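Participant:
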Amino acid sequence: MPTQSYDTPAGARREKALMIVLMVAMVGVIGLLSALGWYAWRQSIGAEEARLGALAERLGQRAETVLTDARTLLEMLNNSTVARCSDKHIRTMQEEAIARPYVRAVGSWRAAERQCGVGFIQGNALKPPKASKIYPNGVVAWWPGPDTALGNVELFIMRLGEHDLAIDTRLVLDQRLSGEQRAGLWVDGLLLANSPPDAVLPEPTTLSRGLNIAPESNTIVARFSLDTIFPMDVVAVQSSGHFFSRYAKTLAAAGVLGLLLMGLWFLFVKHLSKRHLSLTAELRSAIDHDGIDAVYQPIVDLNTGRCVGAEILARWERSDGEMIRPDLFVAIAEQQGIIGGITHNVFRRAIGDLGKLLRKQSDLRINLNLSPLDLEDNAIADLLETELRKARLPAATFKLEITERGLIDSEEARALISALRQRGHQIAIDDFGTGYSSLSYLESFELDTLKLDKAFVDAIETRAVTSSVIPHVIEMARSLELDMVAEGIESEHQAQWLREQGVQMGQGYLYSKPLSAADFKAYLKTSG
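Using the numbering used here, you'd call the opening residue of the sequence shown number 37 and step up by one each time.
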């Protein structure tokens with residue numbers, strides 16, 4: 037029997053009609069896919085542009101705050117009637133330097149001679165030959181360069197009247213940047229700082245204000261401008277290559293109907309996976325399923341070497357085994373308003389890990405870090421009370437660490453801190469000296485312990501320790517009758533110096549790295 041043939045007018049018309057339908061369907065699918073791909077790509081680029089623009093704006097506002105604050109400080113010192121280089125004058129400069137982490141030195145001048153100062157610069161050790169800019173408002177500025185270098189750090193020097201400031205520009209651009217982001221600060225048309233330090237960035241004069249897309253360099257660039265004490269420009273740059281790549285893959289997938297459908301499915305799954313497996317979504321899931329781990333860094337008595345407690349530190353391992361840096365996932369949690377979940381996770385884990393041990397060793401103190409967001413309501417207080425009651429542990433077992441940022445909303449923070457202390461918790465201020473707290477401001481809070489930031493402890497290894505702010509910080513703690521804990525101790529020389537200054541406790545790699553619960557219990561047995 038012969039095979040039926042479709043080479044007839046009716047068959048040809050059916051075949052032609054089928055081809056038209058298939059072509060129309062394919063064109064429609066390709067068009068729809070292209071439109072969806074373009075829309076998704078534009079939405080992604082738009083979101084990245086908005087984030088990058090917001091980053092540039094934050095950096096600009098931060099730089100404006102720093103420079104305005106520096107000018108205000110110089111005016112205040114110049115207007116002071118206190119005798120220059122007297123004990124009170126030097127103490128005032130020390131207190132003001134402590135309150136500003138970006139300040140490396142404050143000096144008092146008479147004509148061309150530096151009469152006295154505080155910080156890391158002594159005498160005329162840093163005296164650039166010629167100013168970079170002299171402004172009508174009286175400000176004299178020296179841009180970072182070899183003539184303003186202290187060690188391997190090039191400082192920005194700003195002088196007004198009888199006083200000057202040396203500013204570490206690395207701390208002016210202090211916003212956390214992702215691996216692909218770069219940023220730079222131009223003041224009066226001159227590059228003042230960039231992050232990272234070796235970043236290559238386009239000049240602001242080559243960019244329009246706002247957002248710019250540069251396909252030739254596969255980047256998105258944002259320029260933000262301010263004009264206060266100095267004309268300032270901030271340029272932030274981020275690669276956009278992965279977005280263009282995704283768009284190209286979408287177009288390539290439209291070649292064949294079968295591949296198109298597979299591509300549609302792949303993109304759909306990829307989209308869902310990307311959405312649900314992003315760091316933020318994974319972090320939310322980890323918090324919801326108690327997936328945040330806790331490790332414990334021992335705190336020791338500096339005089340006896342005996343372990344007297346530990347600080348709980350959060351750790352997060354993604355589902356693929358990748359360990360995420362704490363500073364990264366904590367920043368994400370704070371931005372998303374879910375940092376309380378991390379606090380709850382590690383606290384409950386600490387109760388489970390160490391509850392039995394803490395009931396036996398009632399003098400052991402475990403430090404729990406609280407975020408500023410934890411102090412906005414009573415949820416943390418309720419959690420502490422409930423979990424400690426279940427574990428049959430007194431409130432004094434857990435000391436609560438609060439950063440200087442946590443003290444900003446003073447009325448709310450003061451009320452909650454007072455309530456927590458009344459329940460028996462001790463309160464420690466963490467990373468002291470990295471924010472803007474003054475002695476009088478700290479006196480208004482009920483505190484028990486002051487933790488010396490690692491940056492101050494690192495200064496012990498330098499010749500400038502006696503002129504740095506750490507002795508003044510220790511004196512402040514004594515005047516407030518606070519216990520002291522030094523963070524980041526890495527050498528016996530640092531420990532000895534701290535002991536001689538009367539610092540009671542410390543933590544750092546000299547004694548132990550952060551440990552698992554089992555290793556911490558073993559460390560306790562051997563520490564005396």
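We treat Cβ as the ideally placed atom computed from N, Cα and C, and that holds for glycine. Computed from a predicted structure; not experimentally measured.
(1) Does DSSP put Ile328 in a helix, in a strand, or in coil?
(2) Can you tell me the Cα-Cα spacing of Asn405 and Glu447, whole angstroms?
(3) Is Thr379 closer than 9 angstroms to Ser398 when the C-beta atoms are compared?
(4) Give the straight-line distance between the Cα atoms of Leu287 and Asn248, rounded to the nearest whole angstrom.
(5) Could you compute how far the alpha carbon of Arg401 sits from the alpha carbon of Leu393?
(6) Mind pulling the beta strand (DSSP E) runs of 3 or more residues that sit fully within the stretch 486-533?
(7) Which runs of the beta strand (DSSP E) fall wholly inside the stretch 367-440 and span at least 3 residues, in chain order?
(8) Output needed for Glu353: all residues of its chain with C-beta closer than 6 angstroms, excluding positions within five of it in sequence on either side, in chain order.
(9) With C-beta atoms as the reference, is Asp410 less than 9 angstroms away from Gly376?
(10) Measuring CB to CB, does Val493 end up less than 9 angstroms from Glu517?
(11) Quick one, are the C-beta atoms of Val102 and Ile256 less than 9 angstroms apart?
(12) Quick one: what does DSSP say Val292 is sitting in, helix, strand or coil?
(13) For a test of the three-state rule: what should DSSP assign to Phe556, helix, strand or coil?
(14) What residues are listed by DSSP as bridge partners for Met541?
(15) For the alpha helix (DSSP H) that contains Ala133, what are its first and last residues?
(16) I need the straight-line Cα distance from Ala250 to Asp123, nearest angstrom please.
(17) Look at Glu437 and Asn403 and say whether their C-beta atoms are less than 9 angstroms apart.
(18) Looking only at its chain, what residues have a beta carbon closer than 8 angstroms to the beta carbon of Ile193, apart from the 5 residues adjacent to it on each side?
(19) Just how far apart, CA to CA, sit Asp234 and Leu488?
(20) Would you report the Cα separation of Pro232 and Val175, rounded to the nearest angstrom?
(21) State the Cα-Cα distance for the pair Arg342 and Phe260, rounded to the nearest angstrom.
(22) Kindly indicate which three-state DSSP category Gly47 falls into: helix, strand or coil?
(23) Out of Gly96, Lys557, Ala431, which has the shortest C-alpha to C-alpha gap to Val331?
(24) Which residues does DSSP list as the beta-bridge partners of Glu149?
(25) Check whether the stretch 333-350 touches the stretch 547-554, counting contact only when three or more Cβ pairs, one atom from each stretch, lie closer than 8 angstroms.
(26) Residues bridged to Trp222 by DSSP?
(27) Just checking my contact of Ala350 with Pro362 at CB under 8 angstroms: how many whole Å lie between their CB atoms?
(28) May I ask you to list the residues that DSSP assigns as paired with Lys169?
(29) Identify whether Thr117 lies in helix, strand or coil by the three-state DSSP scheme.
(30) Our contact map puts Ile506 next to Ala513 with C-beta atoms below 8 angstroms; I'd like the distance itself, whole angstroms only.
(31) With DSSP as the reference, please indicate the residues paired to Arg195 in a beta bridge.
(32) Using only alpha-carbon positions, find the residue among His508, Tyr547, Ser515 that is nearest to Gln130.
(33) Excluding five sequence neighbours on each side, which residues of the same chain lie with their C-beta closer than 6 angstroms to the C-beta of Thr562?
(34) What does DSSP give as the partner residues of Ser261 in its beta bridges?
(35) How should His312 be labelled, buried or exposed, when 16 other C-beta atoms within 10 angstroms of its C-beta is the threshold for buried?
(36) Can you tell me where the beta strand (DSSP E) with Arg361 in it begins and where it stops?
Facilitator: On the basis of the data shown:
(1) coil
(2) 20 angstroms
(3) no
(4) Only weak support exists for where Leu287 lies, its pLDDT of 43 falling under 50; the coordinates are left without a value.
(5) 11 angstroms
(6) 519-522
(7) 401-406, 434-439
(8) Met359
(9) Taking 9 angstroms as the Cβ cut-off, Asp410 and Gly376 qualify as a contacting pair.
(10) no
(11) No, these two residues do not count as a Cβ contact at 9 angstroms.
(12) At Val292, the pLDDT of 45 sits below 50, so the modelled position is not reliable; the number obtained from the coordinates is stated separately. In this structure, Val292 counts as coil in the three-state DSSP scheme.
(13) helix
(14) Asp337, Val521
(15) Its alpha helix (DSSP H) spans residues 123-134.
(16) So the alpha carbons of these two residues sit roughly 56 angstroms apart.
(17) yes
(18) Leu162, Pro164, Ala177, Trp178, Thr184, Asp200, Leu201, Ala202, Ile203
(19) 31 angstroms
(20) 28 angstroms
(21) Rounded to whole angstroms, Arg342 to Phe260 spans 53 angstroms at the Cα level.
(22) In this predicted model, Gly47 has a pLDDT of only 39, less than 50, meaning its place in the structure is not dependable; the value taken from the coordinates is given anyway. Reduced to three states, the DSSP call for Gly47 is helix.
(23) Lys557
(24) Arg146.
(25) Pairwise C-beta distances place the stretch 333-350 in contact with the stretch 547-554, as three or more of them are shorter than 8 angstroms.
(26) Beta-bridge partners of Trp222 (DSSP): Leu227, Asp269.
(27) 6 angstroms
(28) The bridge partners DSSP lists for Lys169 are Ala177.
(29) Secondary structure at Thr117: coil, using DSSP grouped into helix, strand and coil.
(30) In fact, because the Cβ distance is near 11 angstroms, the residues do not count as touching under 8 angstroms.
(31) Val176, Asp200
(32) Minimum Cα-Cα distance from Gln130 among the listed residues His508, Tyr547, Ser515 corresponds to His508.
(33) Within the same chain, Thr562 has no close Cβ partners at all.
(34) Asp269
(35) Because His312 sits at a pLDDT of 37, beneath the cut-off of 50, its placement in the model cannot be relied upon, and the following sentence gives the value as read from the coordinates. Exposed, by the Cβ-count rule.
(36) Taken as a continuous stretch (DSSP letters only), Arg361 belongs to no beta strand (DSSP E), as it is neither H nor E.
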